[in-house]
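K.L.:
Protein chains in written order, with the working numbering: chain F, 129 to 454; chain U, 3 to 309.
Below you'll find the structure I mean.
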Amino acid sequence: MTAPLLEVDDLRTRFLTPRGPMVAVDGVSLTLAAGETLGIVGESGSGKSVLGRTIMGLITNGPTTTVTGAVRVDGADIHQLTPQGRRALWGTKIAMVFQDPMTSLNPTKRVGTHLSESLRFHRGLSRGAARTRAVELLKLVGIPEPERRAGQYPHELSGGMRQRVVIAMALACDPKLLIADEPTTALDVTVQKQILDLLQSLAERLQMATILISHDLGTVSGRTDRVAVMYAGRVVESGETRDVFAQPRHPYSGALIESIPRLDAASHSLLPAIVGQPPNMLNPPSGCRFAPRCAFAQDRCRTETPALVDDVACHFPLTQALEVHA
Amino acid sequence: MVLVLLIVSLGVFALVALLPGDPAVAILGEGHPASTYDDLRTELGLNDPMLTRYADWLGGALTGDLGRSVVPPRSDVSDRVVSALPVSVEIAVLGLLIALLVAVPLAMWSAYHEDGVLDRMISAGTFAVLSVPGFLAGLLLIMVFVNALDWFPRSEWVRISDGDLLGNLHHAFLPALTVALVELAMFTRVLRSDLIVTLREDYILAARAKGMPPLRILFTDALRPSSFSLVTLLGLSLGRLIGSTVIVEYLFSLPGMGSLVVNAANQGDFPMVQGAVLVIAVIYVLINAGIDLSYGYLDPRTRKAHV
């Protein structure tokens, strides 16, 4: 077996905040082979976006940030590279799609310029060649009238169109790994599916590995090979997406899956929700971080931190398949 | 804009016309027979109703004739303005150019390394410059560069029209620098704070994630959306500097608009004051109209929707 495209090894991201140190990502390990898709799921504040940006190297060691562990892309550790070395990888080997297409395009720049500038910078294309390629990219992401759109400003496009531009921008220099950080959260529900379908088909067509970060399990199921469930900065469960959905073993994954609204639920029935609040990351609970909200928690859970064994970090993993999804 | 200019002209005219004191007395001095003063007033048109005088003056102004000075040698106001204006415009434009050339890199560095050592030094430095009165800075520059180092000449002015561009710049540099100091301190502070806000935008992060180098991001992504306040300030400064660099003009003995207006006012030379102030006001209005138009370039969202 060849070396994986991406290896994340015991990654920790620690911020010094005015109110004390905060470990946003706490010992995450992942691997991703070329062309594979991985979903990272968790609620707000679980550290999934910070994880994405730390993998990317956008968050790295600095005055108030400490990153330990390793992120190796094709064997090169992103956080050991010089800033120039990282920039050479960004766009060409790893690229990122951000959450809000309304703010991730520069309002004073034409759509085409967003695409052509990295082509000219990384690939050394001429102005004309970069422009032609930019129009091709717009066509690739399904934007009608690409020539006209390339000359327009971002505010003249709808949200869904803008997110397509953001995707095209990430794809401009054929990255091997695409990190999509909540790519559809800011969009209308009808547009969400289109964008996810587009990402999926592009990943298959371009043989590109994808990390899909989302708080929405529905986004991840059926579109990813594997999934990692994050809670309070840690991966609590990972595995084949199909298996995790059919038979979650961590109580948190189980609770998340049960809280997906279902069309066949009795009308006016309460949506199942996870009780309690996500933990305060400045002062996380000891032991298993989910214990205060877990229906199955016992004394041991509150004192002893469970290790990730056999892809699940729980002292008392669930054994039964969820009835609702069986 | 025409309406604005009309109101401005009326204001300028009225302001000077309503000034206390009799121009005839101011011109001839006291102790002449009353008929002499009256003859002069009639000759100057001061006995006509004010609206008639305004209409005459405005009509002349529209054709480029601002009347004649009432002080001997009774020179043509337009000629005097035309000779003084380029001096003021040059000092103002040159000063602002220097200010921009220094302020933009300083602000970028400051914003990019927010709260770094140099950022704090720049902040302290600009604050210090802002709190020094302009004439003091000018005096210091004269002491150092003219008196001590003898790098620059003093008390002369070489016109560009004399064909000696280098000599002109040589004379213009110190006054322009004096003007630039305060402006560059303001520009740096304003641009820095706007840049800091812009640098937190998602599209800056997205540009970084494309592998664009920081300097390029600063110039091509961050500068334009951050320059609204700067451009507004620039327009106001340019208008202000053309009309009121009196202190700098005095320090460097420049024949500019500021000295023209102040001297004329001291001598009770009302046509001169009216003419010069009108020209300054018109330039001010035009500059600010230009600034308004530039917003459309800076942010495409403010342009009118085109079908």
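Ideal Cβ positions, reconstructed from N, Cα and C, are used throughout, including at glycine.
Would you mind giving the Cβ-Cβ distance between U:Val-79 and U:Pro-273, rounded to the nearest angstrom? I have them listed as a contact below 8 Å.
P.N.:
Sure, about 5 Å apart at Cβ, within 8 Å.
K.L.:
Does the separation of the CB atoms of F:Val-156 and F:Met-358 fall below 9 Å?
P.N.:
Contact: yes.
K.L.:
Check U:Val-309 in the structure and name its three-state DSSP category.
P.N.:
Caution applies to U:Val-309, whose pLDDT of 40 falls short of 50 and renders its modelled position unreliable; the model cannot decide the point.
K.L.:
Does the distance from the C-beta atom of U:Arg-226 to that of F:Tyr-281 stay below 9 Å?
P.N.:
No, Cβ-Cβ distance for U:Arg-226 and F:Tyr-281 is not below 9 Å.
K.L.:
Do F:Ile-341 and F:Ile-168 have their CB atoms nearer than 9 Å?
P.N.:
Yes. Within cutoff.
K.L.:
Indicate whether F:Ala-360 and F:Pro-406 have their beta-carbon atoms separated by less than 9 Å.
P.N.:
Yes, these two residues count as a Cβ contact at 9 Å.
K.L.:
List the endpoints of the continuous alpha helix (DSSP H) containing U:Thr-180.
P.N.:
It spans 167-201 - the alpha helix (DSSP H) in which U:Thr-180 sits, taken as one unbroken run.
K.L.:
Between which two residues does the alpha helix (DSSP H) harbouring U:Met-123 extend?
P.N.:
Segment 119-132, the alpha helix (DSSP H) holding U:Met-123.
K.L.:
On the premise that U:Leu-98 lies in contact with U:Leu-240, defined as a C-beta separation below 8 Å, what is that separation, rounded to the nearest angstrom?
P.N.:
Indeed, because the Cβ distance is near 6 Å, the residues count as touching under 8 Å.
K.L.:
Pick helix, strand or coil for F:Met-289, following the three-state DSSP scheme.
P.N.:
Correct three-state label for F:Met-289: helix.
K.L.:
Can you find a CB in chain U that lies within less than 9 Å of the CB of F:Phe-143?
P.N.:
No, F:Phe-143 lies away from the interface with chain U (no Cβ there is under 9 Å from its Cβ).
K.L.:
Applying the criterion that 16 or more other CB atoms from any shown protein chain within 10 Å of the CB defines a buried residue, is U:Gln-276 buried or exposed?
P.N.:
Looking at its Cβ environment, which holds 16 or more other Cβ atoms inside 10 Å, U:Gln-276 is buried.
K.L.:
Just the Cα atoms here: how many angstroms apart are U:Ala-113 and F:Gly-382?
P.N.:
When rounded, the distance between both Cα atoms is 46 Å.
K.L.:
If I follow the unbroken beta strand (DSSP E) through F:Phe-143, where does it start and stop?
P.N.:
134-145 is the span of the beta strand (DSSP E), which, as asked, contains F:Phe-143.
K.L.:
How about U:Asp-223: is its C-beta nearer than 9 Å to some C-beta of chain F?
P.N.:
Chain F, which has a Cβ nearer than 9 Å to the Cβ of U:Asp-223, makes this yes.
K.L.:
Can you tell me whether U:Met-3 is buried or exposed, with buried defined as 16 or more other CB within 10 angstroms of its CB?
P.N.:
It counts as exposed.
K.L.:
I want to verify the contact list: residues of chain F whose CB lies under 8 Å from the CB of U:Pro-227, in sequence order.
P.N.:
Those within 8 Å of U:Pro-227 in chain F are Asn-234, Pro-235, Thr-236.
K.L.:
Considering only the beta carbon of each residue, do F:Leu-334 and F:Arg-292 sit closer than 9 Å?
P.N.:
Contact flag unset, no.
K.L.:
Rounded to the nearest angstrom, how far is the Cβ of U:Asp-58 from that of U:Gly-47, given a contact under 8 Å?
P.N.:
Sure, about 7 Å apart at Cβ, within 8 Å.
K.L.:
State the Cα-Cα distance for the pair F:Ile-187 and F:Gly-350, rounded to the nearest angstrom.
P.N.:
Computed Cα separation, rounded: 30 Å.
K.L.:
Listed in chain order, which residues of the region 241-268 of chain F have Cβ atoms closer than 8 Å to some Cβ of chain U?
P.N.:
Answer set for the region 241-268 of chain F: Glu-245, Ser-246, Phe-249, His-250.
K.L.:
If we define contact as Cβ-Cβ less than 9 Å, is U:Asp-204 a contact residue for chain F?
P.N.:
Output row for U:Asp-204: interface = yes.
K.L.:
Output the boundary residues of the beta strand (DSSP E) element that contains F:Glu-368.
P.N.:
Start and end: 362-368.
K.L.:
Is F:Leu-285 closer than 9 Å to F:Ala-308 when the C-beta atoms are compared?
P.N.:
The answer is no: Cβ separation not under 9 Å.
K.L.:
Once DSSP output is grouped into helix, strand and coil, what is the label at F:Ile-402?
P.N.:
Three-state DSSP puts F:Ile-402 in coil, outside helix and strand.
K.L.:
Kindly give me the distance between the Cβ atoms of U:Val-14 and U:Val-279, rounded to whole angstroms, as I take these residues to be in contact under 8 Å.
P.N.:
Sure, about 5 Å apart at Cβ, within 8 Å.
K.L.:
According to DSSP, what are the bridge partners of F:Met-230?
P.N.:
The partner list for F:Met-230 (beta bridge, DSSP) is empty, contrary to what the question assumes.
K.L.:
Can you tell me where the alpha helix (DSSP H) with U:Tyr-286 in it begins and where it stops?
P.N.:
Its alpha helix (DSSP H) spans residues 272-300.
K.L.:
Report the rounded CA-to-CA distance for U:Ala-109 versus F:Glu-164, giving the unit in angstroms.
P.N.:
Roughly 44 Å separates the two Cα atoms.
K.L.:
Measuring only the C-alpha atoms, how far is U:Pro-51 from U:Leu-12?
P.N.:
Rounded to whole angstroms, U:Pro-51 to U:Leu-12 spans 15 Å at the Cα level.
K.L.:
Figure out for me which residue from F:Ile-385, F:Ala-296, F:Arg-276 has the closest Cα to the Cα of F:Gly-219.
P.N.:
Minimum Cα distance to F:Gly-219 is reached at F:Ala-296.
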